[in-house]
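Report on the following structure.
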């Protein structure tokens, strides 16, 4: 379970990392689902959510599937998060209080603010290219 992201976003990040870590260019949803140990239908749905952003492209037909739409060094993790969940989590109250701000903070506003800013920074700096080797190792261990 994640504090920040939806299950779809988690899978989207994993699937895009998978595509970037593999030598072959096009993978169908069934292959991705088996490698990541998640339902094929969920993979298809998430990949389709990512196609309008250009992060992932799809090819129809017998040899079709999904592939990266951009260079791995130009895709940052935050791009995937934004395409699936949006960036509201980085601007809203973690406890869900309306009107939470520096002037009227919730009980964890200041602590959360530091964590939120660090998470945003890391996601904005890490590219798929930077994570290729670690991703390949993780997928091999699943």
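Numbering (our numbering), first residue to last: -9 to 132.
Don't be surprised by glycine CBs; every beta carbon is placed ideally from N, CA and C.
Smallest Cα separation from residue i: which of the options?
{"i": "residue 14", "options": "71, 55, 84 and 94", "result": "55"}
{"i": "residue 85", "options": "76, 37, 106 and 70", "result": "106"}
{"i": "residue 130", "options": "97, 26 and 76", "result": "26"}
{"i": "residue 50", "options": "62, 18 and 93", "result": "18"}
{"i": "residue 81", "options": "90, 126 and 73", "result": "90"}
{"i": "residue 60", "options": "9, -6, 71 and 112", "result": "9"}
{"i": "residue 115", "options": "103, 128 and 63", "result": "63"}
{"i": "residue 16", "options": "57, 95, 118 and 112", "result": "57"}
{"i": "residue 34", "options": "-2, 88, 113 and 126", "result": "-2"}
{"i": "residue 66", "options": "44, 32, 48 and 132", "result": "44"}
{"i": "residue 70", "options": "94, 83, 124 and 42", "result": "42"}
Exposed or buried, what is residue i when buried is set at 16 or more other beta-carbons lying within 10 Å of its beta-carbon?
{"i": "residue 78", "result": "exposed"}
{"i": "residue 37", "result": "buried"}
{"i": "residue 2", "result": "buried"}
{"i": "residue 101", "result": "exposed"}
{"i": "residue 92", "result": "exposed"}
{"i": "residue 12", "result": "buried"}
{"i": "residue 132", "result": "exposed"}
Alpha carbon to alpha carbon, how far is residue j from residue i? Give it in angstroms, no decimals.
{"i": "residue -9", "j": "residue 0", "result": "The pLDDT assigned to residue -9 is 42, lower than 50, so where the model puts this residue is not dependable, and the model offers no usable value."}
{"i": "residue 122", "j": "residue 21", "result": "18 angstroms"}
{"i": "residue 98", "j": "residue 68", "result": "24 angstroms"}
{"i": "residue 52", "j": "residue 76", "result": "33 angstroms"}
{"i": "residue -5", "j": "residue 73", "result": "12 angstroms"}
{"i": "residue 40", "j": "residue 128", "result": "22 angstroms"}
{"i": "residue 28", "j": "residue 4", "result": "10 angstroms"}
Where DSSP assigns a beta bridge to residue i, which residues make up the other side?
{"i": "residue 58", "result": "46"}
{"i": "residue 66", "result": "117"}
Unbroken beta strand (DSSP E) runs of length 3 or more, entirely within the region 90 to 119: which are they?
Runs of the beta strand (DSSP E) inside the region 90 to 119: none found.
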